[in-house]
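K.L.:
This is the structure I want to talk about, given as structure tokens.
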Amino acid sequence: MYSFSFHRPKTLAEAASIQGGLEEPKLLGGGMTLVPTLKQRLARPSDLIDLSQIPELKGIRETAEGLEIGAFARHAEVAASDLVRRTIPALADLAGHIGDRQVRNLGTMGGSIANADPAADYPAAVLALKSTVKTDRREIDGDAFFTGMFETALEPAEIVAAVRYQRPGKAAYAKFRNPASRYAVVGVFVAVFGSEVRVAVTGAAGSVFRATELESALAADFRPEALEGITVQRDDLNADIHASADYRAHLVTVMAKRAVVACG
Amino acid sequence: MANPSGIGASVRRVEDARFLTGRGNYVDDINRPNQTHCILVRSPHAHARILGVDASEALQAPGVIAVFTGADMGADKVGSLPCGWQVHFKDGTPMKEPPHFPIACDRARYVGDIVAAVIAETRDQARDAAELVMVDYEELPAVASSLKALEPNAPIVHDEAPGNVCFDWHIGDAAVVDAAFAGAAHVAKLDLINNRLVPNPMEPRAAVGDYDASSGEHTLYTTSQNPHVIRLLMGAFVLGIPEHKLRVVAPDVGGGFGSKIFHYGEEAIVTWAARKLGRPVKWTSDRSEAFLSDAHGRDHVSHAEMAMDKDGNFLALRVSTIANMGSYLSTFAPSIPTYLYATLLAGQYKTPAIYAEVKAVFTNTAPVDAYRGAGRPEACYLIERMVDVAAGVTGIDRAELRRRNFIPVEAMPYLTPVALQYDSGDFAKNLDIALPMVDYAGFAARKADSARRGKLRGIGLSTYIEACGIAPSNIAGALGARAGLYESAEVRFHPTGSVTVFTGSHSHGQGHETTFAQIVADRFGIPIENVEIVHGDTSKIPFGMGTYGSRSLAVGGSALVKAMDKVERKAKKIAAHMLEAAETDIEVKDGRFTVAGTDKSLGIGDIALQAYIPHNFPLDELEPGLDEQAFYDPKNFTYPNGCHVCEVEIDRDTGVVEIVNFAAVDDFGHVINPMIVEGQVHGGLVQGIGQALYENCVYDEDSGQLITGSYMDYCMPRADNVPSFTVKYHEDQPCTHNPLGVKGCGEAGTIGASAAVINAVVDALSEYGVTHIDMPATPEKVWQILRQGSPAAMAAE
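These protein sequences, in sequence, are chains A and B. Start counting the first sequence at 111; every next residue gets the next number (this note's numbering). Start counting the second sequence at 4; every next residue gets the next number (this note's numbering).
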């Protein structure tokens with residue numbers, strides 16, 4: 111790890127203003143990606159701004175349409191929250207299966223979506239649950255938040271404050287884990303809002319996406335059999351030593367079917 | 004009354020309290036006064052000429068004390084890291100043995116090869132400065148795979164080894180095998196890969212070098228399985244330090260699996276630099292460095308053929324193997340794919356003729372050497388896959404084909420056509436115990452049930468035999484070992500009756516502090532609390548060969564028994580003197596010395612006290628003291644053997660293989676501590692399963708970069724990957740040639756498990772026309788087979 115200056119602001123405004131004069135600041139959430147990166151000397155920020163002491167980033171609240179979850183909500187907190195389990199159980203389930211126990215006790219929702227790892231779980235929920243990302247300065251439509259691999263609509267120094275998720279009629283998340291890293295090789299979040307079906311896919315491509323072929327099939331017939339023979343048609347699917355693009359495409363359909371079954 | 008802490012008792016491990024409460028003393032816990040820290044600059048290229056190393060900027064960095072290169076060590080006449088085993092070409096010429104200097108001089112030959120050592124006041128300062136060392140590399144074409152290294156225009160790793168061939172060795176009688184094939188009714192053929200693995204002990208390697216200028220004594224603290232071997236190799240061959248001025252300490256060591264047998268360059272660097280600088284030097288590997296630089300395991304490519312008569316009796320086995328040695332010869336590398344592999348190719352079968360040839364190849368990858376099982380898992384995997392293929396060819400049930408070809412128990416001792424003499428083993432009995440454990444007969448019903456749930460189901464067997472307790476020095480020497488393979492022990496009774504045992508074996512997870520103490524407690528009728536086991540420090544223990552090849556109990560335990568025999572003989576003399584009886588009248592039982600036919604007796608504690616207070620000893624006949632040492636050189640290898648059965652279910656949608664049942668039956672001879680043995684079996688099974696389904700070390704073929712350089716990509720098996728194992732052992736076939744009748748249990752699980760798993764996977768996939776799948780059987784690999792569809796189903800369409 112290279113040396114850096116460490117800041118621990120107490121308010122969102124303070125966190126925003128600190129960044130102004132700094133050379134190359136980095137925001138620190140749970141540190142589940144950033145800290146290993148620093149330890150391997152793959153990043154050299156001048157300053158770390160620890161967001162753990164900012165009350166505005168915390169808490170899980172019920173809203174008229176669903177839930178608002180503070181950016182600093184740890185995965186374990188979301189997984190264990192009675193409110194989340196009652197309101198959007200699929201979201202609690204997703205959070206409860208991120209990484210391992212240690213990761214869930216430290217990792218944060220805001221950190222996950224701001225980092226936009228192609229294999230992260232939360233991005234699938236953001237896309238499937240008609241969400242809105244609240245930052246320190248504006249609101250961003252969840253559908254427009256993820257723009258590429260490790261890329262988002264966030265401006266430099268912009269801080270995710272919370273995400274509002276809409277409560278679906280039913281929803282489920284099914285994930286095929288990388289056997290080594292346990293990240294999602296493919297994760298599929300299926301959510302039903304009345305006649306609308308959303309199918310968000312993470313892990314399979316450079317960035318989370320909605321599988322429109324699967325959405326329309328399920329909108330017409332919400333049964334796993336409706337997905338028989340339908341495969342996502344994309345030329346940007348990931349391929350690595352664990353899974354080829356073909357295999358990932360296949361797994362998207364398999365996981366979508368499992369999510370549909372889990373929707374009940 | 005049996006001693007509650009004696010042989011056969013599942014005594015809880017006495018070392019665990021220390022380990023579980025963080026009180027272990029590992030090398031990284033050792034800090035010497037005035038210590039410095041070493042960070043190694045490693046080659047980022049798989050193959051490159053080193054045109055120059057510019058350390059000027061690094062030397063200006065804060066806290067930096069020195070930057071050393073291969074030239075600096077060369078100027079001090081530091082030698083090459085020696086290889087401990089010489090193998091020969093078929094024509095009798097010795098293997099190619101290119102030099103392997105601790106710091107590379109002219110060329111870097113793998114990603115991770117050491118190019119410079121930076122030493123600073125703190126680890127972070129050394130790390131910062133290491134980035135400032137400017138190495139001028141001229142990149143050269145690299146070759147990572149053994150098959151590509153053998154191609155005509157492949158890059159040459161060492162000029163000394165034309166065609167990248169280290170040796171081309173063989174064993175057995177080719178003509179007899181050829182004749183048997185000519186008359187065979189059936190021939191089964193198989194091509195298979197034994198995948199390369201990274202050992203991954205929990206504790207990464209570490210070394211601290213220290214030098215005392217007043218005494219001229221060097222001390223190396225290192226994560227080693229055999230400190231005396233390191234002292235001998237490094238002292239005599241690399242640094243030229245005589246043994247009486249070199250102390251090697253291997254304190255608590257957190258696992259090794261073979262990877263900590265070898266003498267590594269880092270050990271020589273810190274020892275040499277400590278004297279150079281007059282200050283202690285510490286190096287601790289991080290996990291990324293461990294992936295790059297620990298010696299890897301396996302990496303064989305083989306072709307095998309089995310000749311059978313019309314009834315499936317094995318007539319001959321022919322094997323051709325290409326073994327990847329990596330970039331340099333690690334300490335025992337040449338012995339692994341030869342004398343620890345090809346000599347095991349008879350397995351449990353009475354195959355009368357066997358011929359094997361092994362070509363060892365240099366590549367631009369980390370050195371490859373022993374990894375848990377070391378050659379024997381490769382042999383077992385090949386044979387047991389071969390037998391399943393043979394069963395397919397002949398149409399004979401897999402269990403029946405094995406039974407038909409087993410060496411019968413009456414044939415023991417049995418000389419195989421590949422030079423080993425098995426002393427004991429009842430292979431049919433192992434099978435008879437194992438099959439009911441998994442309800443082998445009820446498999447068809449379970450398969451039908453799986454099919455109803457949309458899943459494939461398969462069952463697989465493997466039988467294994469391994470040569471452990473390595474081995475008689477005279478045989479090993481005749482086969483090219485440059486070391487003896489005995490073990491030592493000293494049993495020191497103290498005046499008040501407690502005992503310290505000094506053993507040449509080394510415990511790095513095996514629980515010797517418990518089992519060795521049990522042996523002593525059992526012999527002398529004392530509680531194990533009164534016995535201390537000391538290991539791992541060359542200044543305390545007698546010269547010992549350490550722990551590998553499941554040898555500690557069979558060889559080290561036997562040395563302990565021999566030393567206890569001497570103690571008992573001496574104690575008997577003292578008892579005779581004290582009891583005023585003839586020595587021949589003294590009877591000994593459980594540490595009690597009694598004059599035959601009388602109630603006059605003494606306990607070992609009374610005798611020990613008198614031994615050190617010899618007020619009226621006849622000193623011409625009886626020396627004071629009760630402290631005896633013994634060396635034990637075994638008469639033969641020991642031959643643990645057993646049978647594993649694995650049952651799997653495969654998810655047709657994803658290709659995921661789930662192990663739903665796994666049973667292991669082992670013959671380890673006599674068992675000292677059943678709980679520890681069971682733990683060893685469980686750990687071994689998980690490693691074997693890991694190779695079969697998860698672990699795979701992958702280098703990029705063109706660049707020679709390690710792709711699986713972290714746990715993000717290198718898949719270690721975890722608790723949720725394995726079922727609850729069912730394990731049994733029997734003690735009906737004790738080793739016939741060592742005093743405890745023990746065979747060894749450390750590697751057995753790993754040796755047998757991989758074949759059982761893959762045999763089960765292939766069985767499950769057999770309806771798809773599959774006769775073999777290479778390890779690891781990953782979800783995608785299985786899915787690629789499934790997506791092709793079942794030939795039977797396609798025919799029906």
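Glycine included, every Cβ here is placed at the ideal spot set by N, Cα and C.
Cβ closer than 9 angstroms: which chain A residues qualify as neighbours of V701 (chain B)?
P.N.:
For the purposes of this step, residue 701 (chain B) is taken as residue 698 along the second sequence, with counting starting at 1. Here the neighbours are I351.
K.L.:
For K120 (chain A), which of A:V188, A:I159, A:R154 and A:T147 has the nearest alpha-carbon?
P.N.:
Working through the first sequence from its first residue, we reach residue 120 (chain A) at position 10. The shortest C-alpha separation from K120 (chain A) is found at A:I159.
K.L.:
Which residues mark the beginning and the end of the beta strand (DSSP E) in which K447 (chain A) is found?
P.N.:
Chain A is shown only over 111 to 374; residue 447 (chain A) falls outside these bounds and no answer can be derived.
K.L.:
What residue range does the beta strand (DSSP E) around V558 (chain B) cover?
P.N.:
Numbered from 1 along the second sequence, position 555 holds the residue referred to as residue 558 (chain B). Secondary structure note for V558 (chain B): it is in no beta strand (DSSP E), with a DSSP letter that is neither H nor E.
K.L.:
Any heavy atom of the ligand FAD closer than 7 angstroms to the CB of I106 (chain B)?
P.N.:
No copy of the ligand FAD occurs in the structure displayed, which carries no ligand at all.
K.L.:
Give every residue of the same chain whose Cβ lies closer than 8 angstroms to the Cβ of A51 (chain B), excluding the five residues on either side of it in the sequence, and list them in chain order.
P.N.:
As a first step, residue 51 (chain B) must be located in the second sequence, where it is residue number 48. Excluding sequence neighbours, A51 (chain B) sits near R110, A111, Y140, E141, E142 and L143.
K.L.:
Mind checking if F286 (chain A) is an interface residue toward chain B, Cβ cutoff 8 angstroms exclusive?
P.N.:
Along the first sequence, one-based indexing puts residue 286 (chain A) at 176. Using a CB distance cut-off of 8 angstroms, F286 (chain A) counts as an interface residue toward chain B.
K.L.:
Whole angstroms is fine: what's the gap from K638 (chain B)'s alpha carbon to R151 (chain A)'s?
P.N.:
On the second sequence, residue 638 (chain B) is found 635 positions in, with the first residue counted as 1. On the first sequence, residue 151 (chain A) is found 41 positions in, with the first residue counted as 1. Roughly 54 angstroms separates the two Cα atoms.
K.L.:
Of the residues that make up the region 265-290 of chain A, which ones have a beta carbon closer than 9 angstroms to any beta carbon in chain B?
P.N.:
F286, N288, P289 and A290
K.L.:
Taking only runs that begin and end inside the region 214-256 of chain B, name each unbroken beta strand (DSSP E) of 3 or more residues, in chain order.
P.N.:
220-225 and 249-252
K.L.:
What does W786 (chain B) reach in chain A if we use C-beta pairs closer than 8 angstroms?
P.N.:
Against the second sequence, residue 786 (chain B) aligns to sequence position 783. Within chain A, the residues near W786 (chain B) are Y357 and H360.
K.L.:
With respect to the alpha helix (DSSP H) encompassing Q680 (chain B), which residues constitute its N-terminal and C-terminal limits?
P.N.:
Taking the first residue of the second sequence as position 1, residue 680 (chain B) is located at position 677. The sequence given here has Val at residue 680 (chain B), not Gln. It spans P677 to I692 - the alpha helix (DSSP H) in which V680 (chain B) sits, taken as one unbroken run.
K.L.:
With a threshold of 7 angstroms on Cβ separation, who are the neighbours of Y352 (chain B) within its own chain once the five nearest residues in sequence on each side are excluded?
P.N.:
To locate residue 352 (chain B), count along the second sequence from 1; it is residue 349. Excluding residues within five positions, the ones whose Cβ falls inside 7 angstroms are F317, N408, F409 and I410.
K.L.:
So who's on the other strand from A667 (chain B), going by DSSP bridges?
P.N.:
Here residue 667 (chain B) is taken as the residue at index 664 of the second sequence, counted from 1. B:H647 and B:V730, per the DSSP bridge assignment.
K.L.:
Put D435 (chain B) into one of helix, strand or coil per three-state DSSP.
P.N.:
Stepping through the second sequence from its first residue, residue 435 (chain B) is reached at position 432. D435 (chain B): helix per DSSP, three-state reduction.
K.L.:
Assuming the contact rule is C-beta atoms closer than 8 angstroms, N664 (chain B) and P720 (chain B) should be a hit. Round their C-beta distance to whole Å, please.
P.N.:
Here the question's residue 664 (chain B) lines up with position 661 in the second sequence. Here the question's residue 720 (chain B) lines up with position 717 in the second sequence. At roughly 16 angstroms, the Cβ-Cβ gap does not stay under 8 angstroms, so N664 (chain B) and P720 (chain B) are not in contact.
K.L.:
Who are the neighbours of F656 (chain B) on chain A, taking C-beta pairs under 7 angstroms?
P.N.:
Translated into positions along the second sequence, residue 656 (chain B) becomes position 653. The amino acid occupying residue 656 (chain B) in the given sequence is Asp; Phe does not appear at that position. The contacting residues are V364.
K.L.:
Report the option in A:C373, A:A315 and A:M365 whose CA atom is closest to the CA atom of D350 (chain A).
P.N.:
Position 240 of the first sequence, counted from the start, is the residue given in the question as residue 350 (chain A). Residue nearest to D350 (chain A) within the set A:C373, A:A315 and A:M365 is A:A315 (criterion: CA-CA distance).
K.L.:
Secondary structure at M219 (chain A), three-state DSSP: helix, strand or coil?
P.N.:
Here residue 219 (chain A) is taken as the residue at index 109 of the first sequence, counted from 1. Residue state, collapsed to three classes: helix.
K.L.:
I'd like the span of the beta strand (DSSP E) that includes P85 (chain B), first residue to last.
P.N.:
Against the second sequence, residue 85 (chain B) aligns to sequence position 82. Where P85 (chain B) is concerned, there is no enclosing beta strand (DSSP E), because DSSP gives it neither an H nor an E.
K.L.:
Within the 8 angstroms Cβ cut-off, does S222 (chain A) reach chain B?
P.N.:
In the first sequence, counting from the first residue as 1, residue 222 (chain A) sits at position 112. No - not a single Cβ of chain B is within 8 angstroms of the one on S222 (chain A).
K.L.:
Which same chain residues, not among the five before or five after P677 (chain B), have their C-beta less than 6 angstroms away from its C-beta?
P.N.:
Counting from 1 along the second sequence, the entry for residue 677 (chain B) is found at position 674. The answer, listed in chain order, is S13.
K.L.:
Please list the partners that E783 (chain B) has in chain A, where partner means a Cβ-to-Cβ separation under 8 angstroms.
P.N.:
Here the question's residue 783 (chain B) lines up with position 780 in the second sequence. Those are H352, A353, S354 and Y357, listed as they occur along chain A.
K.L.:
Which residues in chain A have a C-beta closer than 9 angstroms to the C-beta of D716 (chain B)? List them in chain order.
P.N.:
On the second sequence, residue 716 (chain B) is found 713 positions in, with the first residue counted as 1. Against chain A, a Cβ distance below 9 angstroms from D716 (chain B) picks out N288, A290, S291, D350, I351 and H352.
K.L.:
I want to see whether chain A comes within less than 8 angstroms of I710 (chain B), judged by CB atoms only; does it?
P.N.:
Residue numbering aside, residue 710 (chain B) sits at position 707 when the second sequence is read from its first letter. Yes, I710 (chain B) counts as interfacial toward chain A.
K.L.:
I need the straight-line Cα distance from A667 (chain B) to Y384 (chain B), nearest angstrom please.
P.N.:
Counting from one through the second sequence, the residue named residue 667 (chain B) turns up at place 664. Counting from one through the second sequence, the residue named residue 384 (chain B) turns up at place 381. Their backbone Cα atoms lie some 16 angstroms apart in a straight line.
K.L.:
Could you check the C-alpha separation between S604 (chain B) and A611 (chain B) for me, to the nearest Å?
P.N.:
Position 601 of the second sequence, counted from the first residue, corresponds to residue 604 (chain B). Position 608 of the second sequence, counted from the first residue, corresponds to residue 611 (chain B). Distance between the alpha carbons of S604 (chain B) and A611 (chain B) is about 14 angstroms.
K.L.:
Would you identify the three-state DSSP class for E178 (chain A), choosing helix, strand or coil?
P.N.:
Within the first sequence, residue 178 (chain A) is the residue found at index 68, counting from 1. The answer is strand: DSSP assigns E178 (chain A) an E or B state.
K.L.:
Just tell me which of B:A454, B:A345 and B:A562 has its CA closest to the CA of E469 (chain B).
P.N.:
Taking the first residue of the second sequence as 1, we reach residue 469 (chain B) at position 466. If we check each option's Cα against that of E469 (chain B), B:A345 comes out closest.
K.L.:
Determine, for Y771 (chain B), whether the minimum Cβ-Cβ distance to residues of chain A falls below 8 angstroms.
P.N.:
Here residue 771 (chain B) is taken as the residue at index 768 of the second sequence, counted from 1. Output row for Y771 (chain B): interface = no.
K.L.:
Provide the residue(s) that pair with W786 (chain B) in DSSP beta bridges, ordered along the chain.
P.N.:
If you number the second sequence from 1, residue 786 (chain B) lands on position 783. BP columns for W786 (chain B) are empty, so no partner.
K.L.:
Measuring CB to CB, does V17 (chain B) end up less than 8 angstroms from Q708 (chain B)?
P.N.:
On the second sequence, position 14 is the one that residue 17 (chain B) refers to. On the second sequence, position 705 is the one that residue 708 (chain B) refers to. It is not a contact, given that the beta carbons lie outside the stated cut-off.
K.L.:
On the premise that I462 (chain B) lies in contact with E650 (chain B), defined as a C-beta separation below 8 angstroms, what is that separation, rounded to the nearest angstrom?
P.N.:
Numbered from its first residue, the second sequence carries residue 650 (chain B) at position 647. Numbered from its first residue, the second sequence carries residue 462 (chain B) at position 459. Contact holds; Cβ gap of about 5 angstroms.
K.L.:
Which residue's Cα is closest to the Cα of R572 (chain B): B:L629, B:A759 and B:K746?
P.N.:
On the second sequence, position 569 is the one that residue 572 (chain B) refers to. Of the candidates B:L629, B:A759 and B:K746, the one whose C-alpha sits nearest the C-alpha of R572 (chain B) is B:L629.
K.L.:
Taking L295 (chain B) as part of the alpha helix (DSSP H), name the residues at either end of that continuous run.
P.N.:
Here residue 295 (chain B) refers to the residue found at position 292 when the second sequence is read from its first residue. Residues R290 to S296.
K.L.:
In chain A, what lies closer than 9 angstroms to Y697 (chain B) by C-beta?
P.N.:
Locating residue 697 (chain B) in the second sequence gives position 694, where the first residue counts as 1. The answer, in chain order, is P289 and A290.
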